[in-house]
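K.L.:
Protein sequence lines, in the order shown, are assigned to chains A and B. By the count of the numbering used here, the first sequence reaches residue 225 at its end, each step adding exactly one. By the count of the numbering used here, the second sequence reaches residue 1225 at its end, each step adding exactly one. Beta carbons: idealized from backbone N, C-alpha and C, even for Gly. Quantities reported herein were computed from a predicted structural model and do not represent experimental measurements.
Number of protein chains: 2
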Amino acid sequence: MDLSQTLQSVSTRDAVYRVLKSQILQLELPPGTGISEKEISIKFNVSRTPVRESFVRLAQEGLLEVYPQRGTVVSLIDSVLVEEARFMREHLERAVIRLACAAFPANSLSSMKRNLAMQRVCIEEQDYKSMFQLDEEFHHMIFEGCSKKNTWDVVQQIKVHLNRSRMLRLAADYDWEYLYQQHLLLYEAIEQQDVQHGDSLMREHMELTIADQTMLKQKYPHYYK
Amino acid sequence: MDLSQTLQSVSTRDAVYRVLKSQILQLELPPGTGISEKEISIKFNVSRTPVRESFVRLAQEGLLEVYPQRGTVVSLIDSVLVEEARFMREHLERAVIRLACAAFPANSLSSMKRNLAMQRVCIEEQDYKSMFQLDEEFHHMIFEGCSKKNTWDVVQQIKVHLNRSRMLRLAADYDWEYLYQQHLLLYEAIEQQDVQHGDSLMREHMELTIADQTMLKQKYPHYYK
DNA sequence: CCTACTACACTTGTATGGTAGTATGGTAGT
DNA sequence: ACTACCATACTACCATACAAGTGTAGTAGG
C-alpha cells in the first residue's frame, strides 16, 4: 500500500491513522485481528514511529488494545458499550432536537429541506452510499442550527462504537424509505416548533438500532467480547 | 522532577501523560503556555518519545495544540466548548438520574447514604478537598447503580473542559452546604422513585456551573480564546 | 538609516537501533 | 511418553540521530 497521495497534504501519522481507522470500521481489519507496529510500518512503507503514534490514538478511542511486549489486537465489539453508545447518542440528539424545535435559523431549515429532496432522489435511484452520507449530514445540520458543533463532535466519537455492529448487519437491509419518512417528520416538527413531537420522533428514530444486537452476537461470536 | 516511583507500575508514557494532564488541569501549566517536547523530556529526564506520545493523547483530548515545526501550547479555554460540555453533561446526568429513580439496586443506595454521611462530616470539618472527591463519587455511584459505566467514562472526558474554568473560581467559594442539600434531595428522589423530581433536581444541580463564565473570561482574558 | 538576506537556533516530524519482556517450539532429561 | 528447560523469534517500549520547516537576530548592501 502506498500513502504518498495522502501524504501531500497531511502528516504520515495522520495518514496512517485515517487508513487504519477506516479499515477497522469497515471490518477490513476484523475485531480480534492481531497487528504489530512493524507489520503495519512495512505494509505502508513508513517507519514505526508514525505507526506507533497512530496506535496510541486508536487505543484511546477504544479501537485497539495494546498489550505491552505481547502484541496489539483490534478491539472486540463490546455489546454493553454499543448499547451505552446508543443510549448516549439518543439523549444528546433528543436534547438538541428539542432546542431545534424551540428555535431554528431559517437558512439551516432550508438547507435541511434541500437535503431531504436529495434523500428522496437517492432512495429512488437506490444510491444507498450517498443516502448514508445524506443521513449523516441531516443530523449534523440539526446540531449546527443549534450552535452545538462540539456536541456533534462528541456524538461522532461515540458513534464509532455503533459503527462496526451497524456494518455487520449489511447496509442493504435498511428500510431507507422508513428512515426518510422519519427525517421528514423531524423536519416538520422543527418547522412547526412542536417540541414534544420532535422529542418523541427522535427517540423513536434512535431506537431503530436497538434491536438485533444479541442476534449479531450469536451470528458473529468471535467478533464480540 | 523524577518519575521513578510512578514508573514501577506503569509505562513512562503513561506517567508523563498523567503528570502533564494533572499540571494542565491544576493550572500549574496555565492556558497559552508554550511547551516543547525537548523541554519536558529534560525536565522529566526521559527521551522525547514518551513525551511525544503523551502530547498526541493530550492533543486529542483538546488540552494541547500542536503546531508542526512551530511549537506546542497549552490550549486556551474555549468558553463555547465549556458551555457545550455543561450542556452535554446535564443531559447525560439527567438521563441517568431518571433511570435511577425508576429502578435502583438497594446496595448502591446504601453506598450513597454512607457517602452522604461522609459529606456531612467533611463540610463540618471544612475538608473541601475530600468533599470534592466525595462529590465525584456520589455522581459516579448513580451511574454505576444504573449500569452505565461507559457513560460515566464519557462524562469524565467531557468534564475535562469544565475543570479548568471551575479551577479558576477558587474551590473555596463553593456553597458546599447548598451542594450537600442538593445531593440529599437527589438521594431522596431515587429512594422515593420520584422520576420527575429527580430530573428537575439534577437540572438545577447542573446549572450551578452555568454562571459567571463571562465574568471569568473578563477576569482572565489571556486564558480564554 | 533602512531594507533585504542569510545564518542559526529553535520547533516538530520521521527513521532506526537497542532493550526488556513474552510466547513458542524444540530438546534433553526423567 | 511426558515434563522441564532453554534457545529463538517475536512483541511493544524507549533512546537517539537525522530531516525539514519556522522565526529571529544580526549583518551586509543599498
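Excluding five sequence neighbours on each side, which residues of the same chain lie with their C-beta closer than 7 Å to the C-beta of B/M1088?
P.N.:
Excluding sequence neighbours, B/M1088 sits near I1158.
K.L.:
Helix, strand or coil, according to DSSP, for A/E188 in the structure here?
P.N.:
helix
K.L.:
Relative to the C-alpha of A/P68, which candidate in A/L81, A/S41 and A/V56 has its C-alpha closest?
P.N.:
Considering only alpha carbons, the answer is A/V56.
K.L.:
Could you check whether the segment 142-155 of chain A touches the segment 1078-1095 of chain B, counting it as contact only if at least three pairs of C-beta atoms, one from each stretch, sit closer than 8 Å?
P.N.:
Segments in contact, yes.
K.L.:
Using DSSP with H/G/I as helix, E/B as strand and the rest coil, what is B/T1033?
P.N.:
coil
K.L.:
Just checking, does the segment 1095-1109 of chain B make contact with the segment 1194-1202 of chain B on the three C-beta pairs under 8 Å criterion?
P.N.:
Three or more Cβ pairs drawn from the segment 1095-1109 of chain B and the segment 1194-1202 of chain B lie within less than 8 Å of each other, which places the two stretches in contact.
K.L.:
For B/E1204 and B/E1090, what's the separation of their Cα atoms in angstroms?
P.N.:
Distance between the alpha carbons of B/E1204 and B/E1090 is about 9 Å.
K.L.:
Starting from B/L1163, find everything on chain A with Cβ-Cβ shorter than 8 Å and list it in chain order.
P.N.:
It is worth fixing the name first, because residue 1163 of chain B is Asn in this sequence and not Leu. Near B/N1163 there are no residues of chain A at all, since even the closest Cβ is about 16 Å away, more than 8 Å.
K.L.:
Buried or exposed: where does B/D1175 fall if 16 or more other Cβ atoms within 10 Å of its Cβ makes it buried?
P.N.:
exposed
K.L.:
Ends of the alpha helix (DSSP H) at B/V1096?
P.N.:
S1079 to A1102
K.L.:
Using a cut-off of 7 Å between C-beta atoms, extract the partners of A/E204 located in chain B.
P.N.:
Within 7 Å Cβ-Cβ: nothing; A/E204 doesn't reach chain B, min ~16 Å.
K.L.:
Taking 8 Å as the CB-CB cut-off, is B/P1068 touching chain A?
P.N.:
yes
K.L.:
From the DSSP secondary-structure annotation, give me the bridge partner or partners of A/T72.
P.N.:
Under DSSP, A/T72 shares a beta bridge with A/I35 and A/V66.
K.L.:
Which residues in the same chain as B/I1123 place their Cβ atom closer than 8 Å to its Cβ, once the five residues preceding and following it in sequence are excluded?
P.N.:
M1131, W1176, E1177 and Y1180
K.L.:
Counting only beta-carbon atoms, is A/F87 nearer than 8 Å to chain B?
P.N.:
yes
K.L.:
A/I35 and A/L29 look like a contact to me (Cβ under 8 Å); what is the Cβ gap, rounded to whole Å?
P.N.:
7 Å
K.L.:
Check each residue of the segment 135-154 of chain A: if its Cβ is closer than 7 Å to any Cβ of chain B, include it; give the result in chain order.
P.N.:
K148, N150, T151 and V154
K.L.:
Can you list the residues of chain A that B/R1018 reaches, using a CB-CB cut of under 7 Å?
P.N.:
Near B/R1018 there are no residues of chain A at all, since even the closest Cβ is about 14 Å away, more than 7 Å.
K.L.:
Compile a chain-ordered list of the residues in the segment 19-52 of chain A whose CB is closer than 9 Å to at least one CB of chain B.
P.N.:
T49 and R52
K.L.:
Hey, how far is the Cα of B/S1022 from the Cα of A/L216?
P.N.:
C-alpha separation (whole angstroms): 41 Å.
K.L.:
Are A/S232 and A/R13 close, meaning C-beta to C-beta below 8 Å?
P.N.:
The structure shown does not extend to residue 232 of chain A, since chain A spans only 1 to 225, so no value can be given for it.
K.L.:
Is it right to say A/A85 is buried, meaning 16 or more other beta carbons lie within 10 angstroms of its own, or is it exposed?
P.N.:
buried
K.L.:
So, B/I989 versus B/Y1223, is the Cβ gap smaller than 8 Å?
P.N.:
Lying before the first or after the last residue shown, residue 989 of chain B is absent from chain B, which here runs from 1001 to 1225.
K.L.:
Please state the DSSP three-state secondary structure of B/S1011.
P.N.:
Of the three classes helix, strand and coil, the one that applies to B/S1011 here is coil, per DSSP.
K.L.:
Could you round the C-beta distance between A/I40 and A/A100 to whole angstroms and report it? I think they count as a contact, below 8 Å.
P.N.:
That pair is no contact at about 42 Å.
K.L.:
Using a 10 Å radius around the Cβ and a threshold of 16 neighbouring Cβ atoms, would you call B/G1071 buried or exposed?
P.N.:
B/G1071 comes out exposed.
K.L.:
Step through the CB atoms of chain A and report whether any lies within less than 8 Å of the CB of B/H1183.
P.N.:
no
K.L.:
Start and end of the alpha helix (DSSP H) containing B/S1110?
P.N.:
A1106 to E1124
K.L.:
Taking any Cβ of chain A, which residues in the segment 1088-1099 of chain B have a Cβ under 7 Å from it, in chain order?
P.N.:
If the cut-off is 7 Å between Cβ atoms, the segment 1088-1099 of chain B has M1088, H1091, L1092 and A1095 near chain A.
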